[in-house]
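>
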Amino acid sequence: MTESPVSQHTPDKSETPAPEGEASPQQRKQMEAAYQQMKRQMAMKKIAEEISHKIMVLSGKGGVGKSTVATGLALSLAEQGLKVGLLDIDITGPNVPKMMGLDGMRLHVEEGRIYPNIGHSGVKVISMAFLLEDEDTPVVWRGPIKLGAIQQFIADVEWGLLDHLIIDFPPGTSDEPLTVVQSLPDIDGIVIVTTPQDVALLDSRKSISFAKTLNVPVLGVVENMSGYTLRGKTEPNSRLELVGPGGKMIEVEADDGGDWSAVLDIFKRGGGEKTASDLKVPFLGALPFDPGVLRGGDDGVHRIIANPSGESAKAFAKVVEAISEQLSNEDESGVNII
Ligand SMILES: Nc1ncnc2c1ncn2[C@@H]1O[C@H](COP(=O)(O)OP(=O)(O)OP(=O)(O)O)[C@@H](O)[C@H]1O
Ligand SMILES: [Mg+2]
Numbered sequence: 007m008t009e010s011p012v013s014q015h016t017p018d019k020s021e022t023p024a025p026e027g028e029a030s031p032q033q034r035k036q037m038e039a040a041y042q043q044m045k046r047q048m049a050m051k052k053i054a055e056e057i058s059h060k061i062m063v064l065s066g067k068g069g070v071g072k073s074t075v076a077t078g079l080a081l082s083l084a085e086q087g088l089k090v091g092l093l094d095i096d097i098t099g100p101n102v103p104k105m106m107g108l109d110g111m112r113l114h115v116e117e118g119r120i121y122p123n124i125g126h127s128g129v130k131v132i133s134m135a136f137l138l139e140d141e142d143t144p145v146v147w148r149g150p151i152k153l154g155a156i157q158q159f160i161a162d163v164e165w166g167l168l169d170h171l172i173i174d175f176p177p178g179t180s181d182e183p184l185t186v187v188q189s190l191p192d193i194d195g196i197v198i199v200t201t202p203q204d205v206a207l208l209d210s211r212k213s214i215s216f217a218k219t220l221n222v223p224v225l226g227v228v229e230n231m232s233g234y235t236l237r238g239k240t241e242p243n244s245r246l247e248l249v250g251p252g253g254k255m256i257e258v259e260a261d262d263g264g265d266w267s268a269v270l271d272i273f274k275r276g277g278g279e280k281t282a283s284d285l286k287v288p289f290l291g292a293l294p295f296d297p298g299v300l301r302g303g304d305d306g307v308h309r310i311i312a313n314p315s316g317e318s319a320k321a322f323a324k325v326v327e328a329i330s331e332q333l334s335n336e337d338e339s340g341v342n343i344i
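Each number in my numbering corresponds to the 1-based position in the sequence shown with 6 added.
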């Protein structure tokens with residue numbers, strides 16, 4: 007970061023009191039801190055103005071697919087020709103770079119400004135992972151340092167003009183979302199990701215009330231890993247009985263060509279929609295359980311890039327459409343939708 011004029015005139019550290027009319031070293035330190043804070047706030051305001059839409063992706067529970075949804079959302083929007091940034095705030099377990107094919111990349115810093123790495127479909131990516139020396143060593147940052155780093159990642163990044171900035175978080179109702187909301191003005195809203203199990207749904211209820219305390223609109227709930235489609239071939243027009251999860255019998259009918267398919271509700275289904283309706287927030291859609299999503303996370307090629315006409319990509323497209331609709335509702339009404 008560039009030094010402030012105040013710091014350039016800091017005298018030596020002798021304890022001798024400052025001559026009358028001059029600031030003491032302690033006063034200079036305070037002035038320097040205030041100056042840096044003011045500069046950062048101005049930078050954040052400018053960044054907020056240059057980014058049309060800012061969307062936070064949260065979940066109450068870990069491992070439900072936040073990073074997968076955040077990355078997929080960024081890619082889908084970028085594929086529509088929009089300018090998109092993806093900010094990965096997860097300091098302890100950042101995995102967005104892997105999903106964006108940017109594993110092992112470092113940050114590019116020039117004259118105190120941080121430049122994002124460019125991932126698939128031209129998405130600009132900033133991740134704490136770009137700071138890590140070694141991905142196997144966990145980062146243990148004390149609270150204030152971590153929150154300062156987040157502020158710096160918002161204020162000092164050269165995003166340029168963006169249509170959308172998607173922000174991925176660690177799980178839970180921690181300090182990180184609060185810091186982002188306090189630092190970056192005009193957040194459009196929060197997308198809450200859940201899986202259909204009761205425990206995840208309970209946590210997503212907590213996320214919704216957390217959003218209310220943050221005073222940020224909830225754009226809606228996405229149900230991830232919602233049903234797995236099993237396919238097969240048998241005699242044309244014949245009937246089959248399958249044993250589904252929990253021993254439930256599922257009857258399927260093959261078509262004229264003998265093809266059949268059945269949706270297995272691995273973690274139940276429909277809970278996300280019910281939670282959304284109970285808490286009066288929009289339901290944005292369901293994404294199927296797809297082993298290709300898992301492989302994509304490992305290989306660095308997201309499912310919607312690897313198989314753009316597949317079921318997951320289509321489901322993602324619907325979710326993106328629902329989010330865009332919520333954003334345009336907000337743009338029109340200019341009011342919170344909670
Ligand atoms: N629809 C899906 N089908 C199959 N696997 C999925 C799906 N969504 C996510 N996964 C896999 O589940 C794992 C967890 O997903 P992800 O990392 O996106 O979750 P997260 O909520 O960001 O986790 P964390 O809380 O640790 O940040 C990953 O291995 C991912 O590839
Ligand atoms: Mg994650």
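Don't be surprised by glycine CBs; every beta carbon is placed ideally from N, CA and C.
Treat the numbers as computed from the prediction; the structure is a model and nothing was measured.
How about L270 and L293: do their beta carbons lie closer than 7 Å?
Start at 1 with the first residue of the sequence shown, and residue 270 comes out as number 264. Start at 1 with the first residue of the sequence shown, and residue 293 comes out as number 287. The answer is no: Cβ separation not under 7 Å.
> Looking only at C-alpha atoms, which of I173, K60, F159, K51 sits nearest to T74?
Here residue 74 is taken as the residue at index 68 of the sequence shown, counted from 1. Selected option, being the one with the closest Cα: I173.
> Could you tell me the boundaries of the alpha helix (DSSP H) in which L79 lies?
The residue labelled residue 79 in the question sits at position 73 within the sequence shown. Its alpha helix (DSSP H) spans residues 72-85.
> Can you tell me whether K130 is buried or exposed, with buried defined as 16 or more other CB within 10 angstroms of its CB?
The residue given as residue 130 occupies position 124 in the sequence shown. By the 10 Å Cβ count, K130 comes out buried.
> Following a CB-centred definition, is D109 positioned closer than 6 Å to any heavy atom of ligand 2?
Residue numbering aside, residue 109 sits at position 103 when the sequence shown is read from its first letter. It does not: the Cβ of D109 is nowhere closer than 6 Å to a heavy atom of ligand 2.
> Taking the C-alpha atoms as reference points, what is the distance between E336 and V287?
Counted from its first residue, the sequence shown places residue 336 at position 330. Counted from its first residue, the sequence shown places residue 287 at position 281. Their Cα atoms are separated by approximately 14 Å.
> For ligand 2, I want to know if D209 counts as a neighbour, meaning its beta carbon is within less than 6 Å of at least one of the ligand's heavy atoms.
In the sequence shown, the residue the question calls residue 209 occupies position 203. Here the distance from the Cβ of D209 to the nearest heavy atom of ligand 2 is not below 6 Å.
> Could you tell me the distance, in whole angstroms, from the CA atom of P191 to the CA atom of G87?
Counting from 1 along the sequence shown, the entry for residue 191 is found at position 185. Counting from 1 along the sequence shown, the entry for residue 87 is found at position 81. Rounded to whole angstroms, P191 to G87 spans 25 Å at the Cα level.
> At a cut-off of 6 Å, would you count S73 as near ligand 2, judging by its Cβ distance to the nearest heavy atom?
The sequence position of residue 73 within the sequence shown is 67, counting from 1. In this structure, S73 has its beta carbon less than 6 Å from a heavy atom of ligand 2.
> Buried or exposed: which applies to Q332, given that a residue is buried once 16 or more other Cβ atoms fall within 10 Å of its Cβ?
Counted from its first residue, the sequence shown places residue 332 at position 326. Buried, because 16 or more other Cβ atoms sit within 10 Å of the Cβ of Q332.
> In the DSSP assignment, what are the bridge partners of W266?
The count along the sequence shown starts at 1 and reaches residue 266 at position 260. Beta-bridge pairing links W266 to G238.
> Taking DSSP's pairing of strands, which residues face I120 in a bridge?
By 1-based counting over the sequence shown, the position of residue 120 is 114. V115, V163, per the DSSP bridge assignment.
> Among I198, P242, L93, Q157, whose alpha-carbon lies nearest the alpha-carbon of K45?
To locate residue 45, count along the sequence shown from 1; it is residue 39. If you compare the alpha carbons of I198, P242, L93, Q157 with that of K45, the shortest gap goes to Q157.
> Can you confirm whether the region 79-94 touches the region 208-215 when touching is taken to mean that 3 or more C-beta pairs between the two stretches lie within less than 8 Å?
Contact between the region 208-215 and the region 79-94 is not established, with fewer than three Cβ pairs separated by less than 8 Å.
> So if DSSP puts M347 in a beta bridge, which residue, or which two residues, is it bridged to?
Lying before the first or after the last residue shown, residue 347 is absent from the chain, which here runs from 7 to 344.
> Is V325 close to chain C, meaning its C-beta is less than 7 Å from at least one C-beta of that chain?
The chain inventory of the structure shown lacks chain C, comprising one protein chain alone.
> Which class does E317 belong to by DSSP, given the choice of helix, strand or coil?
As a position in the sequence shown, residue 317 is number 311, starting the count at 1. E317 falls in the helix class under three-state DSSP.
> Excluding the 5 residues flanking F322 on each side, which residues of the same chain have their C-beta closer than 7 Å to its C-beta?
On the sequence shown, residue 322 is found 316 positions in, with the first residue counted as 1. Cβ neighbours of F322 beyond the five flanking positions: G78, S82, L293, I310.
> Based on the DSSP secondary-structure assignment, which residues constitute the bridge partners of A217?
One-based indexing of the sequence shown puts residue 217 at position 211. The partner list for A217 (beta bridge, DSSP) is empty, contrary to what the question assumes.
> Just to check my reading of the structure: I62 and F175 have Cβ atoms closer than 8 Å, yes? What is that Cβ distance to the nearest angstrom?
Along the sequence shown, one-based indexing puts residue 62 at 56. Along the sequence shown, one-based indexing puts residue 175 at 169. The residue asked about is misnamed: residue 62 is Met in this sequence, not Ile. Correct: roughly 7 Å between the Cβ atoms.
> What is the DSSP secondary structure of H170, counted as helix, strand or coil?
Here residue 170 is taken as the residue at index 164 of the sequence shown, counted from 1. H170 falls in the strand class under three-state DSSP.
> Less than 7 Å between the beta carbons of G277 and P202, yes or no?
Mapped onto the sequence shown, residue 277 falls at position 271. Mapped onto the sequence shown, residue 202 falls at position 196. Yes, the Cβ-Cβ distance between G277 and P202 is below 7 Å.
> Where does the unbroken alpha helix (DSSP H) through T200 begin, and where does it stop?
Mapped onto the sequence shown, residue 200 falls at position 194. Premise fails: T200 lies in the beta strand (DSSP E), 195-200, not in any alpha helix (DSSP H).
> For K320 and E117, I'd like the C-alpha separation in whole angstroms.
Translated into the one-based positions of the sequence shown, residue 320 becomes position 314. Translated into the one-based positions of the sequence shown, residue 117 becomes position 111. Whole-angstrom Cα-Cα distance: 42 Å.
> Going by other Cβ atoms of all chains shown within 10 Å of its Cβ, with 16 needed for buried, is S215 buried or exposed?
Numbered from 1 along the sequence shown, position 209 holds the residue referred to as residue 215. Under this definition S215 is an exposed residue.
> Counting along the chain, where does the beta strand (DSSP E) carrying L92 start and finish?
Position 86 of the sequence shown, counted from the start, is the residue given in the question as residue 92. Unbroken beta strand (DSSP E) run through L92: 90-94.
> What would DSSP say about G68, mapped onto helix, strand or coil?
Stepping through the sequence shown from its first residue, residue 68 is reached at position 62. Coil at G68, not helix or strand.
> Whose C-alpha, out of K280, K239, S334, G71, is nearest the C-alpha of F295?
Within the sequence shown, residue 295 is the residue found at index 289, counting from 1. Minimum Cα distance to F295 is reached at G71.
> Is G195 closer than 7 Å to L225 when the C-beta atoms are compared?
Taking the first residue of the sequence shown as 1, we reach residue 225 at position 219. Taking the first residue of the sequence shown as 1, we reach residue 195 at position 189. It is a contact, given that the beta carbons lie within the stated cut-off.
> Can you tell me which residues form a DSSP beta bridge with S133?
Reading the sequence shown from its first residue, position 127 is the one you call residue 133. For S133, which the question treats as bridged, DSSP gives the partners D94.
> Can you check DSSP and say which residues form a bridge with G291?
As a first step, residue 291 is located in the sequence shown; it is residue number 285 there, counting from the start. According to DSSP, which records beta bridges pairwise, G291 is partnered with V228.
> Report all residues from its chain with a CB closer than 7 Å to the CB of I193; omit the five preceding and five following residues, and keep chain order.
Here residue 193 refers to the residue found at position 187 when the sequence shown is read from its first residue. Taken in chain order, the residues that qualify are K60, M62, V187, V222.
> State buried or exposed for V341, treating a residue as buried only when at least 16 other CB atoms are found within 10 Å of its CB.
In the sequence shown, residue 341 corresponds to position 335, counting from 1. Bear in mind that the predicted position of V341 carries a pLDDT of just 46, short of 50, making it too unreliable to give a figure here.
> Considering only C-alpha positions, which residue in the set S330, A76, K67 is nearest to T200?
Your numbering for residue 200 matches position 194 in the sequence shown. The option with the nearest alpha carbon to T200 is K67.
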